[in-house]
Structures are given as structure tokens and as C-alpha cells.
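Residue numbering for the sequence shown follows this note's numbering, beginning at 28 and increasing consecutively.
First the structure, in the form of C-alpha cells, and then the observations on it.
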Amino acid sequence: MTISVRKLLAIAVLGAALAGCSSDPAPADRGAKAAPGASRPSAAPAAPPASPTPQALRQAPTVAPGPGGLTPVFSRAPKGGQKVVALTFDADMTADQGPRAAGGERFDNPALIAGLRRLKVPATIFMTGRWADEYPAEARAIGTDPDFEVANHSYSHYAFKSPCYGLPVVGKDEMRIDVEKATASFKKAGVRNAVPYFRFPGGCYDDEVLRTLAPLKMTAVQWDVVSGDAFAHDADAVAEQVLAGVKPGSLVVMHCTRSAAPVTDRAVQRIVPELRRRGYRFVKVSDLIGSAAKR
């Protein structure tokens, strides 16, 4: 079947890149803080030592290629389906944010992951390869939990199209390398539940980018509900925005980082019970795509 591409809702929340989620205790702080005002490089990261093998990605339903073989884009299940909803959480970390992590900035959110487990909510984590390199034990814990699946959010969290909220830009010739490097990082960390889905940093893309990534045979996953959790400080406001936007088959974008989305875990504690009260069932993106493909 062909699933139509919904227009991306514009959000200006990822200019500085969000970061990370974990379930295990974070490693001890390392090194000194980054120098104030240090600028991030615009060049893409070096190529991975080798392309990941097909076994690096778990079998999961995908969407048929778009017109002319373009990478397909999925943003929600077709209307009129079951009352299911997929919560997704971006584990963002730019390629050059190591000094900030070494200086003590926390790019994880153990309370969020623990809360999802306690509430028995399956979820899809869109993880950058840079984050998996920084926190391999946490990446492995998430990526071996059957209630979670790990999808690709690029290695560097650099934009694939410019302008994109101030993000540095990956060159066209480096785009596939950047995505493959993230998959290799997942494999190195021991992530077993990696699925062939990709989310563009900042949500920015065009047909040229979709054509460039087509050989990877991945499904680009966007969203139809913006949580507004990035840089938010009011958990109730985040919850209200999600609850107002969810429809049967919705796909919600949220984040799992203490430093840049500090109230997400509390918002989830309100969102989940209320949606269940309304008759919704929580699923992973792979379940949402799979059910949509059967219609």
C-alpha cells in the first residue's frame, strides 16, 4: 500500500540538539567543561570503519517506496483505524557535545524510562549514534528491552536539509555514511532491537534527501502530534498539548533528556492513564506501521 506523507509541523526546538535517555545509572562525569562560546563544526563525522551488516537491523514492517523510489515517509496510521497511539522519544546528541557531557551535563532521563516500564508502555526511541557511543550501557539496556525498539536518528544530529533551526548541515555525500555510522554504533553497543526506521534531525528533509537515502531501504518516521516538551517547564501544559492532539493512529514526538526536556517524565505520568481511560492502546512504531499495512 502507499501511505501519504503528511506535512511536517514546524517546530523550533532542536537548534542546540536534545540529548539522551537511559535506564541505567550514568557513568561518572569525565573531563572539564567545554569553553564558553565554543562553536560546533559544520563538517560531517568521519566514515565508520565498515558498513553495518543486514543483521544489525531487526526485521520490522516498512512502508513501500514513494514515487520514483523515494524513501517513504510515515507520520501516522490512516484515519479510521483502531484507537492506538505510538509514543516516540528522541535521544538527541550532536557529534560535538562530548565536552558538555564530560562537564557534567546530563543527557539521560532514567525517571522517564523507569516510568514507561512501570506503566507497561511500549515505545520507540529514536537514538543518535553519538549518544550510543557516549552511553553504550544505557543504549544496550534500552535496546534489549522487548518493550522498546531503537530507531535511527542519525549519528551526529546534524541537519540533512538547510536551513534547519540552526543545526550544522551534513553534506549530501555524507548523509548515508552518517546514518550507517549510527547503525554501527547501535550494533557496537549491543542494541538488538534496532529497526529500519529513520527520523530526520529537526524533522527537516526534501525530495532530494529522500532520494539520497533511498538505497538504505529505511522508512522515514515523522509524527502528527508535537508534544512541545522540548525546553518546557510545565508538565501539565505538555500533557494537555498531547491529549488535545492524539487521534486513533497518532504518532507523538517527545524527548528523553533531563537537560533539555526536564518535565517529560511527569507529563507521561498524566498522558498514559488519561489516554487509557479514553480507550487507547499504546504500541511501538513497528506495530503502527504493521497494522496500517494490513488495511
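Heads up, the beta-carbon is just placed ideally off N, CA and C, and yes, glycines get one too.
Per the coordinates, the alpha-carbon of glutamate 267 lies some 10 angstroms from the alpha-carbon of glutamate 301. C-alpha of glycine 142 to C-alpha of methionine 202: approximately 34 angstroms in a straight line.
Taking valine 148 as the centre and dropping the five residues before and after it, the same chain places the C-beta of Leu114, Val299 and Phe309 closer than 7 angstroms to its C-beta, in chain order.
Residue pairing by DSSP places aspartate 256 opposite no residue, since no beta bridge is assigned to it. Beta bridge pairing from DSSP links histidine 282 with Asp117.
Histidine 260 is classed as exposed because its beta carbon has fewer than 16 other beta carbons within 10 Å across all chains shown. If one requires a minimum length of 4 residues, the alpha helix (DSSP H) runs lying completely within the segment 183-216 are 202-216, in chain order. Contact between the segment 93-104 and the segment 236-252 is present, with at least three C-beta pairs closer than 8 angstroms. For lysine 110, the closest C-alpha among the options Arg304, Ser313 and Lys321 is that of Arg304.
Nearest in C-alpha terms to threonine 121, of all of Pro195, Thr98 and Tyr307, is Pro195. Glycine 170 is classed as buried because its beta carbon has at least 16 other beta carbons within 10 Å across all chains shown. Burial is judged here by how many other beta carbons sit within 10 angstroms of a residue's own beta carbon; arginine 145 has fewer than 16 and is exposed.
For valine 206, same chain residues with a beta-carbon under 8 angstroms away, outside a window of 5 residues either side, are Asn179, Ser181, Tyr182, Phe225, Leu240, Leu243 and Met245 in chain order. Taking the CA atoms as reference points, alanine 159 sits about 18 angstroms from methionine 281. In this structure, DSSP gives glutamate 235 a helical state, which the three-state scheme calls helix. Judged by DSSP secondary structure, arginine 226 falls outside any alpha helix (DSSP H); it is assigned neither H nor E.
Alanine 247 carries a strand assignment under DSSP once its states are collapsed to helix, strand and coil. In terms of Cα proximity to glycine 306, the closest of Glu161, Leu270, Val312 and Thr98 is Leu270. DSSP links alanine 178 through a beta bridge to Phe153. Going by C-alpha positions, leucine 97 is about 5 angstroms away from arginine 238. CA-to-CA, the gap between lysine 188 and cysteine 231 works out to about 6 angstroms. Between threonine 291 and aspartate 263, the CB-CB gap reaches or exceeds 9 angstroms. Between proline 99 and proline 223, the alpha-carbon positions lie close to 12 angstroms from each other. Buried is the label assigned to glutamine 124, since at least 16 other Cβ atoms lie within 10 Å of its Cβ.
Apart from the 5 residues on each side of it in sequence, valine 90 sits with its Cβ closer than 7 angstroms to the Cβ of Ile30, Pro99, Phe101, Thr246 and Ile316 in its chain, given in chain order.
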